[in-house]
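First comes the structure, then the notes that go with it.
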Amino acid sequence: MRLDKFLSESTSLSRKEIKRLIKAGEVFVNGAAASRPEQQVNEQDIAEVRGERIEYKRYVYLVLNKPAGYVSASEDKRYPCVTELAGEKYAHYGVFPVGRLDVDTEGLLLLTNDGGFAHAVASPKKNVYKRYFARLDTPAEEKDKALFEAGMKFKDFTAMPARLEICADPREVFIEIAEGKYHQVKRMAERAGKKVIYLKRVAIGSLALPEDSAPGDIFEAEKGWLCEKIGIRSDI
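Residues in the sequence shown are numbered consecutively from 272, following the numbering used here.
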(Lines of atoms letter the chains of each structure in order from A and count residues from 1; the text may use other names and numbers.)
(Lines give C-alpha, C1' and ligand atoms only; values in the text may rest on other atoms or scores of the structure.)
Protein backbone atom coordinates (compact mmCIF):
# COMPACT_ATOMS: atom_id res chain seq x y z
CA MET A 1 0.00 0.00 0.00
CA ARG A 2 1.03 3.65 -0.26
CA LEU A 3 2.99 5.07 2.64
CA ASP A 4 0.52 7.90 3.19
CA LYS A 5 -2.32 5.35 3.39
CA PHE A 6 -0.32 3.27 5.88
CA LEU A 7 0.22 6.30 8.11
CA SER A 8 -3.22 7.88 7.76
CA GLU A 9 -4.92 4.61 8.78
CA SER A 10 -2.55 4.08 11.71
CA THR A 11 -2.39 7.62 13.13
CA SER A 12 -4.50 10.75 13.38
CA LEU A 13 -2.33 12.47 10.77
CA SER A 14 -3.97 13.77 7.61
CA ARG A 15 -2.58 13.01 4.14
CA LYS A 16 -1.52 16.68 3.91
CA GLU A 17 0.38 16.50 7.19
CA ILE A 18 2.04 13.26 6.16
CA LYS A 19 3.21 14.78 2.89
CA ARG A 20 4.72 17.71 4.78
CA LEU A 21 6.50 15.44 7.26
CA ILE A 22 7.96 13.29 4.47
CA LYS A 23 9.24 16.41 2.72
CA ALA A 24 10.81 17.57 5.98
CA GLY A 25 12.65 14.25 6.36
CA GLU A 26 10.77 13.24 9.52
CA VAL A 27 9.38 9.94 8.20
CA PHE A 28 11.49 6.78 7.98
CA VAL A 29 10.75 3.31 6.64
CA ASN A 30 12.97 0.45 7.76
CA GLY A 31 15.61 2.95 8.89
CA ALA A 32 15.74 4.92 5.64
CA ALA A 33 14.20 8.33 5.06
CA ALA A 34 10.93 8.10 3.14
CA SER A 35 11.12 9.50 -0.37
CA ARG A 36 7.51 10.27 -1.31
CA PRO A 37 3.88 9.73 -0.11
CA GLU A 38 3.20 7.07 -2.76
CA GLN A 39 6.20 4.95 -1.68
CA GLN A 40 5.05 1.33 -1.44
CA VAL A 41 5.12 -0.39 1.97
CA ASN A 42 3.46 -3.38 3.58
CA GLU A 43 2.11 -4.20 7.03
CA GLN A 44 5.42 -5.72 8.13
CA ASP A 45 7.50 -2.61 7.36
CA ILE A 46 8.70 -0.49 10.27
CA ALA A 47 7.67 3.14 9.90
CA GLU A 48 8.73 5.99 12.16
CA VAL A 49 7.37 9.51 12.39
CA ARG A 50 9.45 12.00 14.37
CA GLY A 51 11.20 9.10 16.05
CA GLU A 52 7.97 7.32 17.06
CA ARG A 53 7.44 3.82 15.73
CA ILE A 54 4.10 3.34 13.96
CA GLU A 55 2.45 -0.08 13.70
CA TYR A 56 -0.04 -0.54 10.91
CA LYS A 57 -3.61 -1.06 12.07
CA ARG A 58 -6.64 -1.12 9.86
CA TYR A 59 -8.94 -2.34 12.59
CA VAL A 60 -8.96 -1.79 16.34
CA TYR A 61 -10.80 -3.68 19.07
CA LEU A 62 -11.54 -1.94 22.36
CA VAL A 63 -12.99 -3.35 25.57
CA LEU A 64 -14.93 -0.77 27.56
CA ASN A 65 -16.41 -0.81 31.04
CA LYS A 66 -19.38 1.35 30.12
CA PRO A 67 -20.55 3.77 32.79
CA ALA A 68 -24.21 4.71 33.21
CA GLY A 69 -25.25 7.91 31.45
CA TYR A 70 -23.65 7.11 28.10
CA VAL A 71 -25.62 6.02 25.05
CA SER A 72 -24.40 3.16 22.85
CA ALA A 73 -24.06 5.20 19.68
CA SER A 74 -21.59 7.33 17.73
CA GLU A 75 -23.84 10.39 17.71
CA ASP A 76 -26.65 11.55 19.98
CA LYS A 77 -28.20 14.94 20.68
CA ARG A 78 -29.25 14.15 24.25
CA TYR A 79 -26.56 11.99 25.86
CA PRO A 80 -22.78 11.64 25.63
CA CYS A 81 -21.76 8.68 23.43
CA VAL A 82 -19.63 5.70 24.38
CA THR A 83 -17.30 6.46 21.46
CA GLU A 84 -16.20 9.62 23.28
CA LEU A 85 -14.62 7.41 25.93
CA ALA A 86 -12.18 6.03 23.33
CA GLY A 87 -10.39 9.39 23.32
CA GLU A 88 -8.28 11.10 20.69
CA LYS A 89 -5.98 8.09 20.30
CA TYR A 90 -8.71 6.13 18.51
CA ALA A 91 -10.83 8.98 17.10
CA HIS A 92 -9.54 8.61 13.54
CA TYR A 93 -10.46 4.91 13.41
CA GLY A 94 -14.18 5.66 13.49
CA VAL A 95 -15.01 3.04 16.11
CA PHE A 96 -18.62 2.19 16.94
CA PRO A 97 -20.27 0.07 19.66
CA VAL A 98 -20.86 -3.63 19.08
CA GLY A 99 -24.53 -4.02 19.95
CA ARG A 100 -25.97 -1.75 22.59
CA LEU A 101 -26.40 -1.26 26.30
CA ASP A 102 -29.17 0.98 27.61
CA VAL A 103 -28.10 4.43 28.76
CA ASP A 104 -28.56 3.45 32.42
CA THR A 105 -26.85 0.06 32.02
CA GLU A 106 -23.21 -0.44 32.94
CA GLY A 107 -20.59 -3.00 32.03
CA LEU A 108 -18.85 -4.78 29.20
CA LEU A 109 -19.15 -3.19 25.77
CA LEU A 110 -16.93 -3.65 22.73
CA LEU A 111 -15.96 -0.87 20.33
CA THR A 112 -14.46 -1.52 16.90
CA ASN A 113 -14.35 -0.39 13.29
CA ASP A 114 -14.49 -3.99 12.01
CA GLY A 115 -18.03 -4.57 10.72
CA GLY A 116 -17.60 -8.31 10.20
CA PHE A 117 -16.43 -8.83 13.77
CA ALA A 118 -19.24 -6.67 15.15
CA HIS A 119 -21.86 -8.65 13.21
CA ALA A 120 -20.51 -11.99 14.42
CA VAL A 121 -20.61 -10.89 18.07
CA ALA A 122 -24.09 -9.37 17.91
CA SER A 123 -25.84 -11.89 15.63
CA PRO A 124 -28.21 -14.29 17.44
CA LYS A 125 -27.27 -16.93 14.83
CA LYS A 126 -23.79 -17.13 16.37
CA ASN A 127 -25.34 -18.18 19.70
CA VAL A 128 -23.05 -15.92 21.73
CA TYR A 129 -24.54 -15.52 25.20
CA LYS A 130 -24.25 -12.24 27.04
CA ARG A 131 -24.31 -12.42 30.84
CA TYR A 132 -25.92 -9.69 32.96
CA PHE A 133 -26.09 -9.02 36.66
CA ALA A 134 -29.46 -7.54 37.64
CA ARG A 135 -30.91 -6.23 40.86
CA LEU A 136 -34.71 -6.60 41.04
CA ASP A 137 -37.41 -4.82 42.99
CA THR A 138 -38.92 -8.14 44.16
CA PRO A 139 -37.30 -11.55 44.75
CA ALA A 140 -36.89 -13.97 41.86
CA GLU A 141 -38.48 -17.40 42.27
CA GLU A 142 -37.52 -20.88 41.10
CA LYS A 143 -40.50 -20.96 38.75
CA ASP A 144 -39.07 -17.96 36.90
CA LYS A 145 -36.21 -20.12 35.61
CA ALA A 146 -38.59 -22.18 33.47
CA LEU A 147 -40.15 -19.01 32.08
CA PHE A 148 -36.75 -17.78 30.88
CA GLU A 149 -35.69 -21.20 29.59
CA ALA A 150 -38.80 -21.47 27.44
CA GLY A 151 -38.03 -18.26 25.54
CA MET A 152 -40.47 -15.39 25.34
CA LYS A 153 -42.56 -14.04 22.52
CA PHE A 154 -42.94 -10.28 22.34
CA LYS A 155 -44.78 -8.14 19.84
CA ASP A 156 -41.60 -7.18 17.97
CA PHE A 157 -39.45 -10.31 18.43
CA THR A 158 -39.24 -13.76 19.98
CA ALA A 159 -36.49 -14.18 22.55
CA MET A 160 -34.43 -17.35 22.40
CA PRO A 161 -34.22 -19.52 25.52
CA ALA A 162 -32.44 -17.59 28.27
CA ARG A 163 -30.79 -18.57 31.54
CA LEU A 164 -31.73 -17.26 34.97
CA GLU A 165 -29.44 -17.80 37.96
CA ILE A 166 -30.72 -16.69 41.37
CA CYS A 167 -28.16 -15.43 43.90
CA ALA A 168 -28.19 -15.85 47.71
CA ASP A 169 -30.20 -12.64 47.82
CA PRO A 170 -33.11 -13.53 45.47
CA ARG A 171 -33.40 -9.89 44.48
CA GLU A 172 -30.05 -10.34 42.72
CA VAL A 173 -29.81 -12.54 39.62
CA PHE A 174 -27.67 -13.32 36.61
CA ILE A 175 -29.42 -13.46 33.24
CA GLU A 176 -27.88 -14.80 30.03
CA ILE A 177 -29.36 -14.01 26.62
CA ALA A 178 -28.19 -14.76 23.07
CA GLU A 179 -29.66 -11.63 21.50
CA GLY A 180 -29.49 -8.01 22.57
CA LYS A 181 -32.81 -6.47 21.63
CA TYR A 182 -33.98 -3.12 22.92
CA HIS A 183 -34.57 -3.34 26.71
CA GLN A 184 -34.57 -7.13 26.36
CA VAL A 185 -33.40 -8.08 29.85
CA LYS A 186 -35.75 -5.57 31.45
CA ARG A 187 -38.69 -6.75 29.35
CA MET A 188 -38.03 -10.40 30.16
CA ALA A 189 -37.87 -9.59 33.87
CA GLU A 190 -41.14 -7.67 33.59
CA ARG A 191 -42.74 -10.73 31.99
CA ALA A 192 -41.85 -12.54 35.23
CA GLY A 193 -43.41 -9.73 37.27
CA LYS A 194 -40.15 -8.07 38.30
CA LYS A 195 -38.61 -4.68 37.63
CA VAL A 196 -34.89 -4.27 37.01
CA ILE A 197 -33.53 -1.47 39.17
CA TYR A 198 -29.84 -1.99 38.32
CA LEU A 199 -28.24 -3.74 35.33
CA LYS A 200 -24.66 -4.52 34.39
CA ARG A 201 -23.31 -6.71 31.59
CA VAL A 202 -20.51 -8.79 33.07
CA ALA A 203 -19.52 -11.10 30.20
CA ILE A 204 -19.80 -11.89 26.49
CA GLY A 205 -19.11 -15.59 26.08
CA SER A 206 -16.18 -16.11 28.44
CA LEU A 207 -14.89 -12.56 27.94
CA ALA A 208 -15.22 -10.60 31.17
CA LEU A 209 -13.96 -7.30 32.48
CA PRO A 210 -10.90 -7.37 34.76
CA GLU A 211 -11.92 -7.59 38.42
CA ASP A 212 -10.31 -4.23 39.22
CA SER A 213 -11.97 -2.48 36.26
CA ALA A 214 -13.91 0.70 37.00
CA PRO A 215 -16.64 2.37 34.90
CA GLY A 216 -15.00 4.31 32.09
CA ASP A 217 -11.93 2.06 31.85
CA ILE A 218 -11.01 1.02 28.32
CA PHE A 219 -8.25 -1.10 26.82
CA GLU A 220 -7.22 -2.39 23.41
CA ALA A 221 -7.25 -6.13 22.71
CA GLU A 222 -6.16 -8.44 19.91
CA LYS A 223 -8.87 -9.77 17.62
CA GLY A 224 -7.75 -13.39 17.92
CA TRP A 225 -7.84 -13.28 21.71
CA LEU A 226 -11.28 -11.69 21.72
CA CYS A 227 -12.67 -14.24 19.26
CA GLU A 228 -11.34 -17.11 21.38
CA LYS A 229 -12.91 -15.68 24.53
CA ILE A 230 -16.23 -14.89 22.88
CA GLY A 231 -16.39 -18.18 21.00
CA ILE A 232 -16.46 -17.04 17.37
CA ARG A 233 -14.16 -17.69 14.40
CA SER A 234 -11.20 -15.34 14.09
CA ASP A 235 -11.21 -15.42 10.26
CA ILE A 236 -14.48 -13.50 9.93
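C-beta: ideal position from N, C-alpha, C; glycine also.
For this session: With a floor of 3 residues, list each beta strand (DSSP E) that falls wholly inside the stretch 471 to 501, ordered by position along the chain.
Result: The qualifying runs are 489 to 491.
Problem set entry | Supposed close pair Thr383, Leu333 - CB separation, criterion 8 angstroms | Contact holds; Cβ gap of about 7 angstroms.
Exercise. Should Pro262 be labelled buried (16 or more other beta-carbon atoms within 10 Å of its own) or exposed?
Worked result: Only positions 272 to 507 of the chain appear in the structure, and residue 262 is not among them; the question remains open.
Exercise. Taking buried to mean at least 16 other C-beta atoms within 10 Å of its own C-beta, is Arg286 buried or exposed?
Worked result: With fewer than 16 other Cβ atoms within 10 Å, it is exposed.
Problem set entry | Between the CA atoms of His454 and Ser281 - distance to the nearest angstrom | Their Cα atoms are separated by approximately 36 angstroms.
Exercise. Which one or two residues does DSSP pair with Met423 in a beta bridge?
Worked result: According to DSSP, Met423 bridges with Ala430.
Problem set entry | Beta-ladder partner(s) of Val372, from DSSP | Before going further, note that residue 372 is Leu rather than Val in the sequence given. Bridge partners of Leu372: none, in fact.
Problem set entry | Integer Cβ distance of Arg434 from Ile446, believed to fall under 8 angstroms | Rounded, the Cβ-Cβ distance is 7 angstroms, consistent with contact.
For this session: Enumerate in chain order the residues of its own chain whose CB-to-CB distance from Ala344 is below 6 angstroms, with the five nearest sequence positions on each side excluded.
Result: So the list reads Cys352, once near-sequence residues are dropped.
For this session: Determine the direct distance from the alpha carbon of Ser505 to that of Glu499, and round the result to whole angstroms.
Result: In this model, Glu499 and Ser505 are separated by some 8 angstroms (Cα to Cα).
Exercise. Taking one C-beta from the stretch 389 to 405 and one from the stretch 487 to 494 each time, how about it: are there three or more such pairs within less than 8 angstroms?
Worked result: No, because fewer than three Cβ pairs between the stretch 389 to 405 and the stretch 487 to 494 fall closer than 8 angstroms, the two stretches do not touch.
Problem set entry | Element boundaries [alpha helix (DSSP H), containing Ala389] | For Ala389, the uninterrupted alpha helix (DSSP H) run begins and ends at 386 to 393, by DSSP.
Exercise. What do you reckon, are the CB atoms on Ala411 and Val444 nearer than 8 angstroms?
Worked result: Yes, the Cβ-Cβ distance between Ala411 and Val444 is below 8 angstroms.
Exercise. Can you round the beta-carbon distance between Met423 and Pro395 to whole angstroms, since I take them to be within the 8 angstroms contact cut?
Worked result: The Cβ separation is near 14 angstroms, so there is no contact.
For this session: Can you grab the Cα-Cα spacing for the pair Arg402 / Gly302, in whole Å?
Result: Their backbone Cα atoms lie some 48 angstroms apart in a straight line.
For this session: Look at the Cβ atom of Leu248, then the Cβ atom of Ala474, and state whether they are nearer than 8 angstroms.
Result: In the structure as shown, the chain begins at 272 and stops at 507. Residue 248 is therefore absent and cannot be evaluated.
Exercise. If Thr354 and Val366 are in contact, beta carbons under 8 angstroms, what's the gap, nearest whole angstrom?
Worked result: The pair is a contact, with the Cβ atoms about 6 angstroms apart (cut-off 8 angstroms).
Exercise. If Pro308 and Arg349 are in contact, beta carbons under 8 angstroms, what's the gap, nearest whole angstrom?
Worked result: With a Cβ gap of about 42 angstroms, Pro308 and Arg349 do not count as contacting.
Problem set entry | CA-to-CA distance, Tyr400 to Ala449, given in whole angstroms | In this structure, the CA atom of Ala449 is about 4 angstroms from the CA atom of Tyr400.
Exercise. Just curious, the beta strand (DSSP E) that Leu333 is in, first and last residue?
Worked result: Start and end: 332 to 337.
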